[in-house]
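Read in order, the letters of the sequence shown correspond to residues 5 to 283 in the numbering used here.
Down below is the structure, laid out as structure tokens.
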Amino acid sequence: MHKLLNDSPGEKIMLLGNEAIARGAIEAGVAFATTYPGTPSSEISLNLFQMSQETDLYFEYSTNEKVALEVAAAAANSGLRTFCMMKHVGLNVAADPLMTLAYVGVTGGMVILTADDPSMFSSQNEQDNRYYAKFGNLPMLEPSSVPEAKEMIKYAFDLSEQLSQPVLLRTTTRINHSNAFVTFGDIKPRKTKGEFVREPSRCVTVPAVARQLHAKVLEKMGKAQSIGETSELNLIEGSGKFGIITNGVSFHYAQDAVKDLGIEDNTKILRLGFSNPMP
Numbered sequence: 005m006h007k008l009l010n011d012s013p014g015e016k017i018m019l020l021g022n023e024a025i026a027r028g029a030i031e032a033g034v035a036f037a038t039t040y041p042g043t044p045s046s047e048i049s050l051n052l053f054q055m056s057q058e059t060d061l062y063f064e065y066s067t068n069e070k071v072a073l074e075v076a077a078a079a080a081n082s083g084l085r086t087f088c089m090m091k092h093v094g095l096n097v098a099a100d101p102l103m104t105l106a107y108v109g110v111t112g113g114m115v116i117l118t119a120d121d122p123s124m125f126s127s128q129n130e131q132d133n134r135y136y137a138k139f140g141n142l143p144m145l146e147p148s149s150v151p152e153a154k155e156m157i158k159y160a161f162d163l164s165e166q167l168s169q170p171v172l173l174r175t176t177t178r179i180n181h182s183n184a185f186v187t188f189g190d191i192k193p194r195k196t197k198g199e200f201v202r203e204p205s206r207c208v209t210v211p212a213v214a215r216q217l218h219a220k221v222l223e224k225m226g227k228a229q230s231i232g233e234t235s236e237l238n239l240i241e242g243s244g245k246f247g248i249i250t251n252g253v254s255f256h257y258a259q260d261a262v263k264d265l266g267i268e269d270n271t272k273i274l275r276l277g278f279s280n281p282m283p
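This is the structure we're talking about:
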């Protein structure tokens, strides 16, 4: 049996960040996963593919990222928990359906992972996909560590279902390709049989419909902002007159810098795990 399928809550195991994310998706009860693989996200899809050979998880290597997102959107709008993953430049390819999917929303939880690559370890650019969240009016979450990445994807599915909206999960290479001990949690039973309910007033985005949906997506983002205001994913540590705002793995870089400079007693660090909308 694949090691990430072990139903052993409380077990601690050393995992690659991408393995931890795949395990988090399994614990969340993901039923449908699609991708066009690309580093630094590739090991997520590899592990999900391997697990699909032993379970009823549906997994697809799609023709490209646009197709991956469209197929995943169909499953998510049939009530299934759906996970679509790609590297940062892949989101450019998927941007066309992504922008309209934000208006249409979903009926099942949907998480879209964008694996950004600062410093371009394996990419042609180092674009910052946080702008897609603002551009598309989509909630975004950003983990700061490998264990948190596993837990955050579970929260992302819950948030998606609460808002009836896809959620972007942004990682970076230092999260995807770091190793850390991760504690296994319970595996949520997956729902694998979906049902698509025809809703022309939501799914057929002609201008008259889209204008109404635009207002609704802004309402959803207002609700997301209220949730983010009290979310435990946003935290402040330290005290003093200086303030540093961080997100993702930069939170730990800032902690190290503050310690090295000897200014711990005079510096606050705000970590934004729920980074869009801003609290």
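Glycine included, C-beta positions come from ideal geometry on N, C-alpha and C.
As the structure is a computational prediction, the values presented were derived from the model and not from experiment.
When rounded, the separation of the alpha-carbon atoms in Leu274 and Arg202 is 44 Å. Separation of the CB atoms of Ser45 and Asn22 is rounded to 7 Å, and the pair is thereby assigned contact status at 8 Å. Ala119 is positioned such that its CB atom lies no closer than 9 Å to that of Gly140.
In this structure, the alpha-carbon of Ala98 lies about 8 Å from that of Val71. An exposed status is given to Tyr257, since fewer than 16 other beta-carbon atoms sit within 10 Å of its beta-carbon. Here DSSP, grouped into helix, strand and coil, assigns Glu146 to coil.
In terms of Cβ geometry, Leu61 and Thr196 form a close pair [threshold 9 Å]. When DSSP states are grouped into helix, strand and coil, Asp269 belongs to the helix group.
One thing to note: Phe188 has its Cβ within 9 Å of the Cβ of Pro13. By the CB criterion at 9 Å, Thr86 and Gly109 fall outside the cutoff. Assignment of Met90 by DSSP, reduced to helix, strand and coil, places it in the strand class. With respect to the 9 Å criterion, Asp121 and Thr177 are classified as neighbours on the basis of their beta carbons. The DSSP assignment places 134-140, 150-167 and 177-180 as complete runs of the alpha helix (DSSP H) inside the segment 133-206, in order along the chain (cut-off: 4 residues).
Taking C-alpha positions only, Val93 is separated from Ser182 by approximately 21 Å. A Cβ-Cβ distance of about 7 Å is found for the pair Leu117 and Thr175, placing them in contact under the 8 Å criterion. In chain order, Ser148, Thr176, Arg178 and Ile179 place their CB closer than 7 Å to the CB of Val253, counting only its own chain and leaving out the 5 sequence neighbours on each side. Under the Cβ criterion (8 Å, minimum of three pairs), the segment 25-42 does not count as touching the segment 200-219. The beta-carbon distance between Glu64 and Val75, rounded to whole angstroms, is 6 Å. This is short enough to meet the 8 Å contact definition. Cβ contact annotation for Lys158 (same chain, cutoff 7 Å, sequence separation greater than five): Gly28, Glu31 and Ala32, in chain order. Annotated three-state conformation of Thr104 is helix, per DSSP. Per DSSP, Val34 is not a residue of any alpha helix (DSSP H), being assigned neither H nor E. C-alpha of Lys16 to C-alpha of Arg134: approximately 32 Å in a straight line. Rounded to whole angstroms, the separation of the alpha carbons of Asn238 and Lys272 is 13 Å. Classified as buried, Leu95 has 16 or more neighbouring CB atoms from the shown chains inside 10 Å of its CB.
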